[in-house]
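Report on one structure; see the data block that follows.
There are 2 protein chains.
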Amino acid sequence: MENPVLVEVLRGTAVESRHRGTVAVVDAAGKTITAIGDVSRPVFPRSAVKALQALPLVESGAADALDLSPAELALACSSHNGEEVHVNSARVMLVKAGLDEEALECGTHWPKRMQDVAQLHRADVCPCALHNNCSGKHAGFLGLARTLGVATRGYIEPDHPVQMEARAAMEGMIGMSLSDMARGTDGCSIPTYAMPLDRLAQGFACFGTGEGLDPIRADATARLYDACVENPFMVAGTGRFCSQVMGALAGRVFVKTGAEGVFIASIPEKGLGVALKCEDGATRASETMMAAVIEALIELDEDESKALAPWLKPRLENWNGIHVGDVRPVREAFQGMRRAAG
Amino acid sequence: MENPVLVEVLRGTAVESRHRGTVAVVDAAGKTITAIGDVSRPVFPRSAVKALQALPLVESGAADALDLSPAELALACSSHNGEEVHVNSARVMLVKAGLDEEALECGTHWPKRMQDVAQLHRADVCPCALHNNCSGKHAGFLGLARTLGVATRGYIEPDHPVQMEARAAMEGMIGMSLSDMARGTDGCSIPTYAMPLDRLAQGFACFGTGEGLDPIRADATARLYDACVENPFMVAGTGRFCSQVMGALAGRVFVKTGAEGVFIASIPEKGLGVALKCEDGATRASETMMAAVIEALIELDEDESKALAPWLKPRLENWNGIHVGDVRPVREAFQGMRRAAG
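Order-wise, the sequence lines are chains A and B. Sequential numbering of the first sequence, starting at 21, is according to my numbering. Sequential numbering of the second sequence, starting at 21, is according to my numbering.
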């Protein structure tokens, strides 16, 4: 099955490039409301499942034992920019677990924003593992390891108790075993398991509503949902889709991006979950797709529409700041969604 | 017509993302040797046509009047990294035209390599227009303007003599008028005209062989071809496909990348030109496609194969340097090319 073109990149009025993708909108009972493209094809969800991977941290009692704040729980679900707040918060999370950055096994990379890079250069300092966009998640993993009383070394390995717990949480939420699914190594070195988009969407419908979950899990999902939507800056950072959209929609949706063009959303007021993948892996397209899905599924007031607008049709500007083009969703592709969602 | 998948991105052994594209291989007489996807669909060639846009600089006598070296001619065809050599060379080209960086209208952006960015930060200096990857091309445009005795201000405008000359050169080389074609504004603010890939390929077949060109143009194409293949570092820079591949193939091919997944090549020993576009605009895919095309069309010796190998199946490594996946061309898609090229 060919995935349809969902996003076009315009230069002037001409289509310059095109992005294809797959979108699944599913309710907590597993009913597919909308399917665009091959929604049963397994996809590596990458960072989009961080909130599921953080469930053991809460359910085990570790989050309470370590006295993690909601902002820190949000960081445990984040792919952050490596801004000062993110870096400091990850450091404090490790301190609460009696650890420091040496314990992190996620690897190191530069912060996302040029001004944060500049600060490091001017201080003649290299980034450390705390700057890694996954450092909050990994701090959460380490906190869980310490609370479980298991070795922290090797916590990134697939057979380490922390990764086994994370995997079990994902399996529980998507309602299927990952034993026969493809497994890869993620950017931050933990395992990533391929899973069908429709199952992922159902999982996030349950994540948002608590439906079909036992009480401990229902509480944990609510706690993580609230932590993220009330601390959106921690989930990503300045100028980022997840932070800006969750900030503007004030609790109505939880969204999370994943590398290689993946995006998920929980929309509790509609009892829905969304999972999508841009076929070629482009984030500029997955963001536009998710904005189009949100616009189709929920009624937005004026302020909410205004906040979503730059993500719905991002402007392309050249090196002189001239408006040279736009990224836009293919309207016809998303039109059916509004009616289907009811 | 659906463009076929030409490149796959693997995580482990599983396909994570896929890139579709279009490839045209055409001879100087306009005969299409291989066509993959819709090769008649107009495409903004972006920087891939810089060598054609540089023809007036040479044909007008301006290159000689300004005493431009082959390295400087190569820079006039470049999308460079903004390394010290590139920046200094662009500066000298402007000096030769009696100008300085204030005359550049391309806009400014940071250099490509982190170490060059670091150097600016440590000196507490912002980049200037010389760092713009198109500064060499623009220095060429300015040199042409001065030699023609026209105003340099506004040289980026579509109706400025310099842009009219560049357009006429492109029209002559691809054998068609651009009057009815879509026009956009490029990243560096000059106009970009959409043109069919098969015509673009034919144009670069002529560029490489001189066939079908009047003596002045044939000389000019040879001069620019030689300048680029003998000064490959100037055309892009450290770690870049165009520089590494032209360096390794020592004159056998001229290649040039363009934004949004465009690539061209001239292969004189086969009398062929190549033009390709990754549908979604990804450079990681257009590079892999071009490597696959080169491998299919010419016999490579051991050293040449070794140099091309990392571009034919790029390794993906994560933040810990672990090999997590690969980018690879879809073999079946390129198989027919070897036989067709003869």
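Glycine included, C-beta positions come from ideal geometry on N, C-alpha and C. Small disclaimer: the values here were computed from a predicted structure and weren't measured.
Considering S37(B), what are the terminal residues of the beta strand (DSSP E) in which it resides? The residue given as residue 37(B) occupies position 17 in the second sequence. Looking at the DSSP string, the run of the beta strand (DSSP E) that includes S37(B) is 34-47.
Euclidean distance between Cα positions of R358(A) and I53(A): Start at 1 with the first residue of the first sequence, and residue 358(A) comes out as number 338. Start at 1 with the first residue of the first sequence, and residue 53(A) comes out as number 33. The alpha-carbon atoms of R358(A) and I53(A) are separated by roughly 10 Å.
Please confirm whether V59(A) and A48(A) have their CB atoms less than 9 Å apart. Working through the first sequence from its first residue, we reach residue 59(A) at position 39. Working through the first sequence from its first residue, we reach residue 48(A) at position 28. In this structure, A48(A) does not lie closer than 9 Å to V59(A) by Cβ.
Would I342(A) count as contacting chain B if we go by Cβ distances under 9 Å? Reading the first sequence from its first residue, position 322 is the one you call residue 342(A). With 9 Å as the cut-off, I342(A) counts as an interface residue toward chain B.
Anything in chain A within Cβ reach of G281(B), meaning under 8 Å, just list it in chain order. The residue given as residue 281(B) occupies position 261 in the second sequence. Going along chain A in sequence order, the residues near G281(B) (Cβ under 8 Å) are S37.
P76(A): which of P90(A), S89(A), A96(A) sits nearest, CA to CA? Start at 1 with the first residue of the first sequence, and residue 76(A) comes out as number 56. Minimum Cα distance to P76(A) is reached at A96(A).
Within 8 Å of chain B by C-beta, residues of the segment 112-146 of chain A in sequence order: E125, C126, G127, T128, H129, W130, M134, V137, A138, H141, R142, D144
For N108(A), count neighbouring Cβ atoms within 10 angstroms of its own Cβ and tell me buried if that reaches 16, exposed if not. Translated into positions along the first sequence, residue 108(A) becomes position 88. Label assigned to N108(A): exposed.
Does E177(A) get closer than 9 Å to chain B when you measure Cβ to Cβ? Taking the first residue of the first sequence as 1, we reach residue 177(A) at position 157. Judged by the 9 Å Cβ criterion, E177(A) is not in contact with chain B.
So G81(A) contacts chain B; which residues on that side make the cut at Cβ distance below 9 Å? Reading the first sequence from its first residue, position 61 is the one you call residue 81(A). Within chain B, no residue comes near G81(A); the closest Cβ sits about 30 Å away, beyond 9 Å.
So if DSSP puts L114(B) in a beta bridge, which residue, or which two residues, is it bridged to? As a position in the second sequence, residue 114(B) is number 94, starting the count at 1. Its beta-bridge partners do not exist; DSSP assigns none.
Going by beta-carbon coordinates alone, are M184(A) and M215(A) separated by less than 9 Å? Here residue 184(A) refers to the residue found at position 164 of the first sequence. Here residue 215(A) refers to the residue found at position 195 of the first sequence. Going by C-beta atoms, M184(A) is not nearer than 9 Å to M215(A).
Partner residues on chain A for V29(B), Cβ-Cβ distance less than 9 Å: Taking the second sequence and counting its residues from 1, the one referred to as residue 29(B) is at position 9. Correct list: E280, D300, G301.
For a cutoff of 9 Å on Cβ pairs, would you count N338(B) as touching chain A? The residue labelled residue 338(B) in the question sits at position 318 within the second sequence. It does; some Cβ of chain A falls within 9 Å.
Out of M309(A), E322(A), G341(A), A329(A), state which residue places its alpha-carbon closest to the alpha-carbon of F354(A). Translated into the one-based positions of the first sequence, residue 354(A) becomes position 334. When each option's Cα is compared against that of F354(A), the closest is M309(A).
Between R203(A) and chain B, is the shortest Cβ-Cβ distance under 9 Å, so that the two count as touching? The sequence position of residue 203(A) within the first sequence is 183, counting from 1. With 9 Å as the cut-off, R203(A) counts as an interface residue toward chain B.
Residues near P147(A) by beta carbon distance below 8 Å, same chain, minus five either side: Working through the first sequence from its first residue, we reach residue 147(A) at position 127. Taken in chain order, the residues that qualify are G102, T128, H129, W130, P131, L140.
The beta strand (DSSP E) with P65(A) in it runs from where to where? If you number the first sequence from 1, residue 65(A) lands on position 45. Unbroken run through P65(A): none, as it is neither H nor E.
Within the 9 Å Cβ cut-off, does V63(B) reach chain A? Looking up residue 63(B) in the second sequence gives position 43. V63(B) counts as touching chain A.
Would you kindly work out how many angstroms separate the C-alpha atoms of P65(B) and Y245(A), rounded to a whole number? As a working note, residue 65(B) is residue 45 in the second sequence. As a working note, residue 245(A) is residue 225 in the first sequence. Cα to Cα, P65(B) sits roughly 45 Å from Y245(A).
Terminal residues of the continuous alpha helix (DSSP H) containing R31(A)? The residue labelled residue 31(A) in the question sits at position 11 within the first sequence. No alpha helix (DSSP H) holds R31(A); the beta strand (DSSP E) holding it covers 25-31.
Reference L150(B), options P178(B), R142(B), R166(B), V105(B), closest by Cα: The residue labelled residue 150(B) in the question sits at position 130 within the second sequence. Closest by alpha carbon: V105(B).
Per the DSSP calculation, G204(B) is bridged to which residue(s)? Walking along the second sequence from the start, residue 204(B) turns up at place 184. G204(B) pairs with T212(B).
Determine, for S306(A), whether the minimum Cβ-Cβ distance to residues of chain B falls below 9 Å. If you number the first sequence from 1, residue 306(A) lands on position 286. For S306(A), the answer is no, since every Cβ of chain B falls outside 9 Å of its Cβ.
Verify the CB distance criterion: does A353(B) have a CB-CB separation below 9 Å to chain A? Position 333 of the second sequence, counting from 1, holds the residue named residue 353(B). Not one chain A Cβ lies under 9 Å of A353(B).
Does any CB atom of chain A fall closer than 9 Å to the CB of S209(B)? For this step, residue 209(B) is matched to residue 189 along the second sequence. Cβ-Cβ to chain A under 9 Å: yes for S209(B).
Interface residues of chain B around G32(A) at Cβ under 8 Å? Taking the first residue of the first sequence as position 1, residue 32(A) is located at position 12. In chain order: A202, R203, G204, T205.
Interface residues of chain B around E22(A) at Cβ under 8 Å? Along the first sequence, one-based indexing puts residue 22(A) at 2. In chain order: E22.
Buried or exposed, going by whether 16 or more other CB atoms sit within 10 Å of the CB of S325(B)? As a working note, residue 325(B) is residue 305 in the second sequence. Counting Cβ neighbours within 10 Å, S325(B) comes out exposed, since fewer than 16 surround it.
Listed by chain order, chain B residues near N251(A) by CB distance under 8 Å: For the purposes of this step, residue 251(A) is identified with residue 231 of the first sequence, where counting begins at 1. Residues of chain B passing the Cβ test: none, with the nearest at roughly 25 Å.
Within 8 Å, do at least three Cβ pairs link the segment 156-175 of chain A to the segment 212-232 of chain A? no
Considering only their Cβ atoms, is the gap separating V115(A) from R348(A) smaller than 9 Å? Numbered from 1 along the first sequence, position 328 holds the residue referred to as residue 348(A). Numbered from 1 along the first sequence, position 95 holds the residue referred to as residue 115(A). Cβ atoms of R348(A) and V115(A): not closer than 9 Å.
Proximity winner among R203(B), G291(B), R166(B), M193(B), relative to V35(A) (alpha-carbon distances): Start at 1 with the first residue of the first sequence, and residue 35(A) comes out as number 15. For V35(A), the nearest C-alpha among the options comes from R203(B).
Any Cβ of chain A within less than 9 Å of the Cβ of G345(B)? Your numbering for residue 345(B) matches position 325 in the second sequence. So, interface residue.
Which whole-angstrom value is the C-beta distance of K290(A) and A221(A), which I expect to be below 8 Å? Reading the first sequence from its first residue, position 270 is the one you call residue 290(A). Reading the first sequence from its first residue, position 201 is the one you call residue 221(A). Contact flag wrong, Cβ pair sits at about 12 Å.
Beta-carbon of R348(B) versus every beta-carbon of chain A: anything under 9 Å? As a working mapping, residue 348(B) is identified with position 328 in the second sequence. By this cut-off, R348(B) is not an interface position.
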